[in-house]
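J.:
In our numbering, the protein residues as written are 44 to 301.
#1: Would you mind sorting residue 86 into buried or exposed? The rule is 16 or more other CB atoms within 10 Å of its CB.
#2: Let's test the definition: count the other Cβ atoms within 10 Å of the Cβ of residue 133 and tell me whether it reaches 16, buried, or not, exposed.
#3: Can you tell me which of the three DSSP states residue 102 falls into?
#4: How about residue 290 and residue 163: do their beta carbons lie closer than 8 Å?
#5: How long is the line joining the alpha carbons of residue 273 and residue 194, rounded to whole angstroms?
#6: On the DSSP letters alone, give me the boundaries of the beta strand (DSSP E) that residue 291 sits inside.
#7: Compare the C-alpha of residue 235 against each of 242, 252, 254 and 214 and name the closest.
#8: Does the distance from the C-beta atom of residue 265 to that of residue 250 stay below 8 Å?
#9: Which two residues bound the contiguous beta strand (DSSP E) that contains residue 195?
#10: Candidates 228, 260, 212 and 177: which alpha carbon is nearest residue 218's?
#11: How close, in whole Å, do the beta carbons of residue 277 and residue 167 come, if the pair is a contact with beta carbons under 8 Å?
#12: Sorted by chain position, which residues of the same chain lie with C-beta nearer than 7 Å to residue 263's C-beta, five sequence neighbours on each side aside?
#13: With a threshold of 16 other CB atoms inside 10 Å of the CB of residue 293, please say whether the residue is buried or exposed.
#14: Please state the DSSP three-state secondary structure of residue 129.
#15: According to the neighbour-count rule (16 or more other Cβ atoms, all chains shown, within 10 Å of its Cβ), is residue 156 buried or exposed?
#16: With DSSP as the reference, identify every bridge partner of residue 247, one or two as the case may be.
#17: Measuring CA to CA, which of 252, 247 and 253 is closest to residue 259?
#18: So for residue 141, helix, strand or coil by DSSP?
#19: Considering Cα atoms alone, identify which of 158, 184 and 144 is closest to residue 130.
#20: Following the continuous beta strand (DSSP E) through residue 161, name the residue where it begins and the one where it ends.
#21: Considering only the alpha carbon of each residue, which of 202, 100, 284 and 189 lies closest to residue 275?
#22: Along the chain, where does the beta strand (DSSP E) containing residue 110 start, and where does it finish?
#23: Provide the residue span of the beta strand (DSSP E) that contains residue 115, from first to last.
#24: Can you name the start and end residues of the beta strand (DSSP E) that residue 202 belongs to?
#25: Does DSSP put residue 182 in a helix, a strand or coil?
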């Protein structure tokens, strides 16, 4: 039953993600002055911001990943005592640093825009081609819950979402409003033993040209060719169904690009 609900949640996601991404004012691809409300977005695409980004010096990062090691380092977050990522409260979700983790708390149901649940995308960065590796856990306290990454998106539209749930299921969903209608709905879905039911999972998304690949704990679970090879935005996303309550703890975020 849990698998069935998770695999058909696309309809809910499509409706919820009409909302803009919780975004950050970008200068050279790095974060500053986070906006506290999606309503403050101006409708400007991330492609209008300064690209390419200013890379981080490798010696300033303690995180490692074997993916795209020759690309420039643009995000290295271990959340020891501070973060450049968005913090605050939006539509019932509270995001804050707590004990060395980036905590996305959806235990409070009041304030949600969508009465059927919650969907919260958090912008991490923008690059012509990008690799993002995220390590975290999800404590799904009630209902159906999932978390993951979005790629090849814009400031105002989430286009591709890859998520996992607490029962070992995954789904790659297309939310494009472009004319290519085959990318609307579940593109790939299933279950895989590489998804740990209890404990940390590392989700890695790679967008290089039109090709996208999504890994969980170094196992390739989904791949797809994007409709648009230039949409630069990527980030985190959490989702919950009707009455869902969950706490996501993100332990690290590493992103590279070129």
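All residues carry an ideal CB built from backbone N, CA and C; glycine is no exception.
T.: With the structure as the only source:
#1: The residue you call residue 86 lines up with position 43 of the chain shown. Note on residue 86: pLDDT 34, under 50, position unreliable in the model; no value is reported.
#2: On the chain shown, residue 133 is found 90 positions in, with the first residue counted as 1. Per the 10 Å Cβ criterion, buried.
#3: The count along the chain shown starts at 1 and reaches residue 102 at position 59. In the three-state reduction of the DSSP assignment, residue 102 falls in the helix class.
#4: For this step, residue 290 is matched to residue 247 along the chain shown. For this step, residue 163 is matched to residue 120 along the chain shown. Cβ distance not < 8 Å, so residue 290 and residue 163 don't count as in contact.
#5: Taking the chain shown and counting its residues from 1, one reaches residue 273 at position 230. Taking the chain shown and counting its residues from 1, one reaches residue 194 at position 151. Here the alpha carbon of residue 273 sits roughly 11 Å from the alpha carbon of residue 194.
#6: As a first step, residue 291 is located in the chain shown; it is residue number 248 there, counting from the start. Membership of residue 291 in the beta strand (DSSP E) is indicated by the continuous run 288-300.
#7: Residue mapping note: residue 235 aligns to position 192 of the chain shown, counting from 1. Out of 242, 252, 254 and 214, 214 has the C-alpha closest to the C-alpha of residue 235.
#8: Looking up residue 265 in the chain shown gives position 222. Looking up residue 250 in the chain shown gives position 207. At the C-beta level, residue 265 and residue 250 stay beyond 8 Å of one another.
#9: Here the question's residue 195 lines up with position 152 in the chain shown. In the DSSP annotation of this structure, the continuous segment of the beta strand (DSSP E) that includes residue 195 starts and ends at 188-196.
#10: Start at 1 with the first residue of the chain shown, and residue 218 comes out as number 175. The option with the nearest alpha carbon to residue 218 is 228.
#11: To locate residue 277, count along the chain shown from 1; it is residue 234. To locate residue 167, count along the chain shown from 1; it is residue 124. Correct: roughly 6 Å between the Cβ atoms.
#12: Stepping through the chain shown from its first residue, residue 263 is reached at position 220. Excluding sequence neighbours, residue 263 sits near 256.
#13: Taking the chain shown and counting its residues from 1, the one referred to as residue 293 is at position 250. A residue is called buried when at least 16 other Cβ atoms come within 10 angstroms of its Cβ; residue 293 meets this threshold and is buried.
#14: Within the chain shown, residue 129 is the residue found at index 86, counting from 1. In this structure, DSSP gives residue 129 a state outside helix and strand, which the three-state scheme calls coil.
#15: Within the chain shown, numbered from 1, the residue matching residue 156 stands at position 113. Exposed, because fewer than 16 other Cβ atoms sit within 10 Å of the Cβ of residue 156.
#16: Numbered from 1 along the chain shown, position 204 holds the residue referred to as residue 247. Per DSSP, the beta-bridge partners of residue 247 are 176 and 258.
#17: Residue mapping note: residue 259 aligns to position 216 of the chain shown, counting from 1. With distances taken between Cα atoms, residue 259 lies closest to 247.
#18: As a working note, residue 141 is residue 98 in the chain shown. The three-state reading of DSSP puts residue 141 in strand, counting E and B together.
#19: Within the chain shown, numbered from 1, the residue matching residue 130 stands at position 87. In terms of Cα proximity to residue 130, the closest of 158, 184 and 144 is 144.
#20: Your numbering for residue 161 matches position 118 in the chain shown. Residues 161-169.
#21: Stepping through the chain shown from its first residue, residue 275 is reached at position 232. Considering only 202, 100, 284 and 189, the residue with the shortest C-alpha distance to residue 275 is 202.
#22: Counting from 1 along the chain shown, the entry for residue 110 is found at position 67. Taken as a continuous stretch (DSSP letters only), residue 110 belongs to no beta strand (DSSP E), as it is neither H nor E.
#23: Mapped onto the chain shown, residue 115 falls at position 72. For residue 115, the enclosing beta strand (DSSP E) covers residues 115-120.
#24: Position 159 of the chain shown holds residue 202. Membership of residue 202 in any beta strand (DSSP E) is not indicated, and neither H nor E is assigned to it by DSSP.
#25: Position 139 of the chain shown, counted from the start, is the residue given in the question as residue 182. Looking at residue 182 - three-state DSSP - the assignment turns out to be strand.
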